[in-house]
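The working numbering applies: residue 198 is where the sequence shown begins, and numbers increase by one.
By construction, the Cβ of each residue, glycine as well, lies at the ideal position given by its N, Cα and C atoms.
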Amino acid sequence: QEWATVQYASPFAGAISQDEAEGKSVMFDSSAGDYNSVFTSYGMWFPQVKINNKVIVFFAENDFEKGYYFANCLPDYQNHTLPGLASSKKKTGGSGGLSALISAGPTAGGGGEDGNVVGAERGIVMPGEVPPGVEGDTAGAERVPHPLTNALKAQGLDKDHIRGHSSSSARRDLTSKCFGILTPGQHQFVMDDDADQPLIRLRTSNGSQILINDAGDGFIYFITKNGKSWLNMHGDGTIDVYSAKDISFTAENNINFFAQKEININANQNLGIVSTTGNVQIETKQKDVMLLAQESMKIASGTKTIELQCPANIVLAGAKVDLMPAAPPGGKIEPLEPTNLPGDQGSAFVKRLPEQEPWKGHIDLGEEAMVIDGYS
């Protein structure tokens, strides 16, 4: 048996200089210092498939030394999760076997049919084999949950059949309507033309997701893998944002909030408003200004006067009203103290201050990547 060494043939790829693309005569010169004169690579790149997968090979010019593989052949019954890790009802084994591989918790099976989980391929079989006990139909084959199942639980999306579970499977429709890519590491890019849920989804193996859904009014949804931050922009104009920690905004110029109706601000602890160099002005154009404290209310001026004026009456009511008492009033108002910020940001009256990059407040900057050099 003779083996042939073949190369990967991308469906779209190349390397060319911009000058050459415009029909100019150029020679490769890395010292030219002109980006347009040097070669740049472009195209699509998909790594080689794993051993034991079938590929289609051709030999250019009938030359055994010029072999290329350009396409792959899926094993039978192994395309349920392509391209969007579609969920389905799963059947689990009783003891041992597949059930030993199933995650603990509500998805763990003791036999029978369990709830909706992200679908793994039905049964653990070798390529080309029919699942045990199944003749041409995989409906009865056992299934183990995908790791994304636990991610959906952590995010709180395990009962959400739009933002969480997916139906984007090559086996969903008689004529498939979903397109996309699922990597061996289970990252996915899906474009689904389904009439009920047309969408584009970009999701990592651990659940971080950007979802653009055109069903009904449509919405755009973002969420982190642990569900501690998410944003939903609905087609009816509603925008919802959640953070398990802080939400911070910075503007080099102005931040403007306007509502045709109400603006509501609620803090379970303290609410601080500080102007470092200008005025603080609170007014109503037509109605009343009301200040209410369940305990004490204090008004103080640091160095100048306090003025009260109105065109009608000024009413002071209390169990006792002291004007110019012999003893000064107690309970001095302490000014808010600024917070020391990371790096060289100095201090401010906010706990977190995003700035133009490079920002010192990022939690993780990663490590420098070491990549073997090529020509372009």
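- Assumed close pair S284, H362 - CB separation to whole angstroms, cut-off 8 Å: 4 Å
- Message: If I measure Cβ to Cβ from Y266 and keep anything under 6 Å in the same chain, skipping five residues before and after, which residues do I get?
- Response: V203, V252, V254
- Hey, how far is the Cα of T474 from the Cα of I444? 24 Å
- Check whether the Cβ atoms of F416 and W427 lie closer than 8 Å to each other. no
- First and last residue of the beta strand (DSSP E) that includes N269? 264 to 270
- So, helix, strand or coil for Q352, using DSSP? helix
- Please confirm whether N276 and R368 have their CB atoms less than 8 Å apart. yes
- Item | Rounded straight-line distance, which links the Cα of L505 to that of N476 | 17 Å
- Simplified DSSP state of D212, which is helix, strand or coil: The amino acid occupying residue 212 in the given sequence is Ala; Asp does not appear at that position. Reduced to three states, the DSSP call for A212 is strand.
- Under 8 Å, do V387 and P244 count as touching if we go by C-beta distance? no
- Item | Inter-residue CB distance, V486 and I479 (contact presumed, cutoff 8 Å) | 7 Å
- Going by beta carbon distance, what residues of the same chain come within less than 6 Å of C270, once the five residues before and after it are set aside? K251
- Does the Cβ-Cβ distance between N410 and L399 come in under 8 Å? no
- Query: Are there 16 or more other CB atoms within 10 angstroms of the CB of Y274, so buried, or fewer, so exposed?
  - Reply: buried
- Query: What do you reckon, are the CB atoms on K374 and D393 nearer than 8 Å?
  - Reply: no
- Query: Helix or strand or just coil, what does DSSP make of N410?
  - Reply: strand
- Message: Given this structure, state the Cα-to-Cα distance separating T401 from A201, to the nearest angstrom.
- Response: 36 Å
- So L408 and L282 are in contact, right, with Cβ under 8 Å, and what is the actual spacing, rounded? Contact flag wrong, Cβ pair sits at about 13 Å.
- Query: Could you give the distance in angstroms between the alpha-carbon of N453 and the alpha-carbon of M494?
  - Reply: 29 Å
- Of the listed residues A206, G211, D414, E199, nearest to F261 (C-alpha basis): E199
- CB-CB under 6 Å to S366, same chain, minus the five flanking residues each way: which ones, in chain order? H277, A283
- List the endpoints of the continuous beta strand (DSSP E) containing G377. 375 to 379
- What are the start and end residues of the beta strand (DSSP E) that includes K251? 251 to 256
- For L354, is the classification buried or exposed, using 16 other Cβ atoms within 10 angstroms of its Cβ as the cut-off for buried? buried
- Query: If L468 and G404 are in contact, beta carbons under 8 Å, what's the gap, nearest whole angstrom?
  - Reply: Wrong, their Cβ atoms sit about 34 Å apart, outside the cutoff.
- Contact set for A206: own chain, Cβ-Cβ below 6 Å, skip 5 residues either direction: Y265, F267
- Any idea if N347 is buried or exposed, counting beta-carbon neighbours within 10 angstroms, 16 or more meaning buried? buried
- Specify, as a first and last residue, the run of the beta strand (DSSP E) that M494 falls within. Careful: M494 lies outside any beta strand (DSSP E) and carries neither H nor E.
- Task: Less than 8 Å between the CB atoms is what I'm expecting for T237 and A212, so what's the real figure, rounded?
- Result: 7 Å
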